[in-house]
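Heads up: the sequence shown begins at 92 in the working numbering, then just goes up one per residue.
Yeah, the Cβ is synthetic: ideal placement off N, Cα and C, and Gly gets one too.
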Amino acid sequence: MWGIIVNPKSGKKKQKCLLNYLHKKLIDKQIQYKCKTTAYEKHATEIARSFVENGIKNILIIGGDGTTNEVINGIFHAKINNTKDIRIAIIPSGTGNDWGRYWNLTRNYKKAIDIFLHGKETPIDIGKINYTRNGEHYQHYFINSIGFGIDCKVVQLTHKLKYYFGSHSWVYTLALIAAVFKHQPQMLNITANNNYSFTGKLFTMNIGNGCYSGGGLRQNPDAKPTDGIFHAMFMQKPTFIDVAKGISMLFKGNITEHRLMHNIISSQININTANPMPFETDGIPITACGPYSIETLPNALIMTS
């Protein structure tokens with residue numbers, strides 16, 4: 092039995108053809124399924140939680156990174172004993188598909204459905220962050236990456252710009268340039284479980300389970316969601332020249348070589364700051380306060396690719 096979760100806002104034009112083709116393939120192969128369409132924010136979380144709590148251990152996601160993030164949180168907040176035998180598959184149809192890009196998942200829905208039906212299974216790591224908001228403690232899960240500082244500001248601005256200009260690749264670039272001038276670096280302390288420690292002003296930080304973020308940018312080029320560790324990068328407060336060089340290096344894929352860049356390889360990262368600091372997970376911005384504890388959950392799910 093497969094539970095299918097469809098985000099109707101993720102690539103509307105071809106979705107009807109996709110669903111008709113998928114239905115035919117599932118019927119031909121005598122695969123039982125239940126299909127649910129999301130209607131509001133975090134609906135995918137509710138659907139995924141309901142699926143797994145009712146014994147459905149296979150979930151097909153038709154959507155992008157944001158929908159996938161919601162599904163992951165539904166699975167890990169569900170009242171179940173074990174997630175390691177839960178399998179997910181993705182047919183990319185959203186605007187942000189960095190997780191699918193790592194697995195070479197195509198936007199051609201016929202090929203994507205073929206991968207779903209015949210792909211190999213790989214145990215994957217999942218990230219978890221503990222944080223506070225209004226005195227309450229929260230846990231949030233992510234599959235691809237988590238970002239602070241300008242990384243989060245870019246996501247916030249991208250969401251606003253998409254409302255006016257639609258989903259185009261240049262919208263992220265515009266948001267990145269605007270964020271450089273709007274963001275104020277924040278004093279904090281970062282520690283990792285390999286005795287790493289840093290105290291200073293943070294300009295940007297990205298912690299990668301996967302290597303892609305921001306629509307195909309390789310902020311952590313060596314990150315792999317199968318090795319039990321995070322690859323993280325962060326930059327101190329830069330000069331204008333440093334920012335210009337950093338943007339160029341980001342698009343070239345060698346941002347980790349920037350003179351102000353710090354690189355961390357660790358299974359757990361802790362961040363302490365005196366002031367509230369929002370973050371983004373898989374392109375979803377979240378308002379939060381510290382301290383923040385980010386850890387990897389090894390081999391927590393199965394990915395079909």
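Contact check, residue i vs residue j, beta carbons under 7 angstroms
i: D216; j: N300; result: yes
i: Q370; j: I237; result: The sequence shown places Phe at residue 370, not Gln. In this structure, I237 lies closer than 7 angstroms to F370 by Cβ.
i: T395; j: G210; result: yes
i: L151; j: A180; result: yes
i: Y222; j: Y112; result: no
i: I182; j: I220; result: no
i: V271; j: V334; result: yes
i: I147; j: I96; result: no
i: I166; j: V143; result: yes
i: I375; j: N160; result: yes
i: L351; j: P316; result: no
i: I320; j: H274; result: no
i: I393; j: E212; result: yes
i: I204; j: K116; result: yes
Rounded C-alpha distance that separates residue i from residue j
i: K201; j: W194; result: 16 angstroms
i: P214; j: M340; result: 32 angstroms
i: I356; j: Y254; result: 36 angstroms
i: A266; j: G337; result: 15 angstroms
i: I177; j: G306; result: 27 angstroms
i: N145; j: H231; result: 22 angstroms
i: Q327; j: P276; result: 8 angstroms
i: K120; j: F207; result: 13 angstroms
i: K343; j: D313; result: 15 angstroms
i: K244; j: F233; result: 18 angstroms
i: S358; j: N164; result: 20 angstroms
i: K127; j: G157; result: 16 angstroms
i: R224; j: I122; result: 43 angstroms
i: N173; j: N235; result: 21 angstroms
i: E386; j: N284; result: 10 angstroms
i: Q247; j: L109; result: 30 angstroms
i: H168; j: A379; result: 19 angstroms
i: F256; j: H114; result: 33 angstroms
i: Y124; j: N345; result: 43 angstroms
i: E348; j: S288; result: 20 angstroms
i: L388; j: T372; result: 15 angstroms
i: W190; j: N98; result: 16 angstroms
Reduced DSSP secondary structure (H/G/I, E/B, other) of residue i
i: S184; result: coil
i: Q230; result: strand
i: T129; result: coil
i: I122; result: coil
i: N280; result: strand
i: K100; result: coil
i: N111; result: helix
i: S141; result: helix
i: Y303; result: coil
i: Y57; result: What the structure shows of the chain is the stretch from 92 to 396, and residue 57 is not part of that stretch, so it cannot be assessed.
Closer than 7 angstroms to chain B by CB, residue i
i: Q275; result: The structure shown contains no chain B; it is built from a single protein chain.
Please give the ranges of any alpha helix (DSSP H) in the segment 307 to 390, keeping only runs that are unbroken, at least 4 residues long and fully inside the region.
331 to 343
Go through the segment 146 to 218 residue by residue and report every complete run of the beta strand (DSSP E) that reaches 3 residues or more, in order.
149 to 154, 178 to 183
Touch check for the segment 281 to 299 and the segment 358 to 369: three-plus C-beta pairs under 8 angstroms?
yes
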